[in-house]
Amino acid sequence: MKKRYHLLSCLLLSAGFACAQNTIDIADADLMAGQTYNWTKNNTYLLTGTVFLEEGGKLNIEAGTVIKFAPNVSGTEPSALIICRGAQIFATGTAQEPIIFTSESDDINDPDDLGPEDNQLWGGIALLGKAYTLKNGNTEVNLEGIPTTEARGIYGMPAGQNIDNDNSGIMRYCSIRHGGSALTSGSELNGLSLAAVGSATTLEYIEIYANSDDGIEFFGGTVNLKHAVVAFVEDDCYDWDESYAGKGQFWFSIQRSNVADAGWECDGSTPDNISPFSDPMVYNATHIGSGPGAAAANPIGWLFRAGTRGYIANSIVTEMKSKGIEVQDRPNNTSSDAYAQLLAGELQIKNNLFWNCGSNTDINMSSTGIIRSTTTNGLGGEDSLCTSLITHLNSNTNLIQNPGIVNISRGQDGVLDPRPSLSGAAYTTALDTYPTDTFFTAVTFKGAFSANAAELWIHGWTTLAKNNHLSNIASVNKRSGMANNLQLYPNPANNLLYVQFEADLNNLISITDVSGRLVYQSNIMQQSLHPIDVSQLKPGIYTLTISNASVTGTQKFIKQ
């Protein structure tokens, strides 16, 4: 381990002068089995080559730490970080101080330095666990691109022991940028590879930005993922296979207009006729594709193939170049392909929204439909008209309706705002019931975000925010902006009226009728989306007022 000194461009704002910071070089030999390492934010860490944290090792990374990776050298492997089976990473960033994994050439203080098309500047990060996986009948597998002679690259069940609650540590508020180089020819690294990772591992607030291969890929395992961002990757945004069976909620993805593959590629076992199949449960995803007419291939929003099962609900697929969904129907796979799982009730797709996917007018596989059939894709298929899929989507309240996303942009123009409006279908259409499971958060909207600016969880810490992709909505001044941001929904109202406003303390909500008579009043503390029971009010026009120490806002509504 080598330590170097140089001046970084960071500024001590309180003092007004540049700060000196150490750069510590890390090679594979610097991380040993059974040892604990502490990386702190007063240093920058530069990894060269593929670095393995071996069994029994623990890597603690302080919030605000920057880890960089040296560029690829011709004839050698790219720089990457592999957390081996039995090792653990504790990368616990915060919204104010995320942990950043990026290229050595990335000036993280310059938003115009590297952008959404700058990738393959290093490899990626992989967590290898001891939970269940199955590939070609094997329950122990080497990570893609790592030679089979490298024992440290193995993931899956040791000696046949299924450790589904294996714990690879914690990654929270971590931004992984500009990766995707190949370990071997044709085997690029994902931004984050999760190989047989167990359910005791914590993954929250993870961003992948500008990766050449997939954003996040699950190779089996049972790990759960909550609040994830995949932006501008060149392959699939999310990918699961090898019998993955975890849970997910609040997944966001947005694709480039010139290079992109599927939004999700969802595989079962490998090959696809081996049980058990993948069987994840995902709620509240928002996927924004390359856009109709884009130059990118961008063929499909959700591709369910190779016998995957699963439960996908309360999510949004929008802005695809062509089609929204395919459930693969391979010939002579009547009991094992994804279409067979749909027919058996093992793959359930419920209460999702599709919008602006190609021609986007019908739930069928015609030229104006959102479905791509396996026959159309040139792979055969026993139900060429997708009749069972059409029935499933319709009977489970999947709709072609506008979710009301505020603004979509893929440039560094400060315009992207992926929140849905209160009047859009993300709020106005029926939701699937949430599981009675402590992992899932029951919300009143479809997709990864609420309509409330204060709850836009990708603001501040992500590269999308740092590189000027996002609208600066989260910093709206409450004193001047609350009256303008007051929204009522639905209007006209029948039973429940939802009140949306900029969060503040000690809010007084009052409702008066046309004569000025007070008919409702309630004090609430900080809350941005407040339901009011108006079922007892007589039909007519009413005025709702929100007031606090800072500002007063009013808006009229109609009671039906």
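Note that my numbering gives residue 321 to position 321 of the sequence shown, counting from 1, and the numbers run on in steps of one.
Backbone N, C-alpha and C fix where the C-beta goes; we use that ideal spot for every residue, glycine too.
On a predicted model such as this, the values are computed, not experimentally measured, just so you know.
For residue j and residue i, the rounded distance between their alpha carbons
i, j, result
"D118", "K466", "15 angstroms"
"I125", "I82", "6 angstroms"
"G16", "L497", "Legend: pLDDT at G16 = 35, less than 50; position of this residue unreliable, value from coordinates given subsequently. Near 50 angstroms, if we compare the C-alpha coordinates of L497 and G16."
"N548", "L508", "6 angstroms"
"V51", "A80", "6 angstroms"
"N484", "S510", "Note on N484: pLDDT 44, under 50, position unreliable in the model; the coordinate value appears next. Those two C-alpha atoms are separated by around 17 angstroms."
"N42", "T23", "9 angstroms"
"H287", "I208", "14 angstroms"
"T545", "D513", "12 angstroms"
"I532", "K538", "15 angstroms"
"D279", "Q500", "36 angstroms"
"F439", "D213", "29 angstroms"
"I67", "L385", "51 angstroms"
"T444", "R152", "45 angstroms"
"S471", "Q412", "10 angstroms"
"S409", "S515", "46 angstroms"
"K130", "D164", "7 angstroms"
"K321", "S373", "16 angstroms"
"F557", "N258", "44 angstroms"
"A231", "L416", "12 angstroms"
"A285", "L47", "33 angstroms"
"G460", "A95", "7 angstroms"
"I405", "I300", "20 angstroms"
"G481", "A454", "Because the pLDDT at G481 is just 38, under 50, the model does not fix this residue reliably, and the point stays unresolved."
"M365", "I371", "5 angstroms"
"G156", "G310", "21 angstroms"
"G540", "E319", "39 angstroms"
"N183", "P147", "Here residue 183 is Leu; the residue named in the question, Asn, does not match the sequence. Rounded to the nearest angstrom, the two C-alpha atoms are 9 angstroms apart."
"L431", "N314", "6 angstroms"
"E77", "G49", "6 angstroms"
Anticipated Cβ contact below 8 angstroms, residue i with residue j, distance rounded
i, j, result
"T139", "G169", "So it is not a contact: roughly 22 angstroms between Cβ atoms."
"A260", "N298", "5 angstroms"
"A426", "P420", "3 angstroms"
"L192", "F219", "The Cβ separation is near 11 angstroms, so there is no contact."
"V141", "T149", "That pair is no contact at about 14 angstroms."
"R172", "E204", "5 angstroms"
"G263", "V317", "7 angstroms"
DSSP-derived helix/strand/coil call for residue i
i, result
"Q255", "coil"
"A29", "helix"
"T444", "coil"
"Y498", "strand"
"I228", "Checking the sequence shown, residue 228 turns out to be Ala, not Ile. Strand at A228."
"K41", "coil"
"P539", "coil"
"N394", "helix"
"L81", "strand"
"Y434", "coil"
"L456", "coil"
"V36", "Rather than Val, the amino acid found at residue 36 in this sequence is Thr. T36 falls in the strand class under three-state DSSP."
"L385", "coil"
"A493", "strand"
"G160", "helix"
"A182", "strand"
"Y209", "strand"
"T545", "strand"
"T375", "coil"
"Y427", "helix"
"L416", "strand"
"A465", "helix"
"C174", "strand"
"L488", "strand"
Of the residues the options, the one placed nearest residue i, counting alpha carbons only
i, options, result
"Q255", "A442, P116, N109", "P116"
"L422", "E97, N491, S335, C357", "N491"
"T40", "G263, L529, A182, F90", "F90"
"P331", "K321, A306, I316, N352", "A306"
"N72", "G93, K130, N167, G180", "G180"
"N394", "G129, N352, I146", "N352"
"D28", "A70, P292, G64, V406", "A70"
"A451", "N468, L488, L59, L203", "L488"
"L303", "D267, V282, Y434", "D267"
"I349", "Y283, S367, G49", "Y283"
"I61", "C174, D166, I154", "C174"
"A196", "T387, G293, R85", "R85"
"T308", "I524, I274, G324", "I274"
"H227", "A344, D362, I458, A33", "I458"
Test: residue i CB closer than 9 angstroms to a CB of chain D
i, result
"I300", "No chain D appears in this structure, which consists of one protein chain only."
Which residue spans inside the stretch 260-311 form an unbroken beta strand (DSSP E) run of at least 3? 264-266, 281-288, 300-304
Sequence ranges, beta strand (DSSP E) only - wholly within the stretch 312-369, length at least 3: 316-318, 323-327, 347-350, 353-355, all fully within the stretch 312-369.
Which runs of the beta strand (DSSP E), 3 residues or longer, sit entirely within the stretch 99-152? 99-103, 125-128, 140-142
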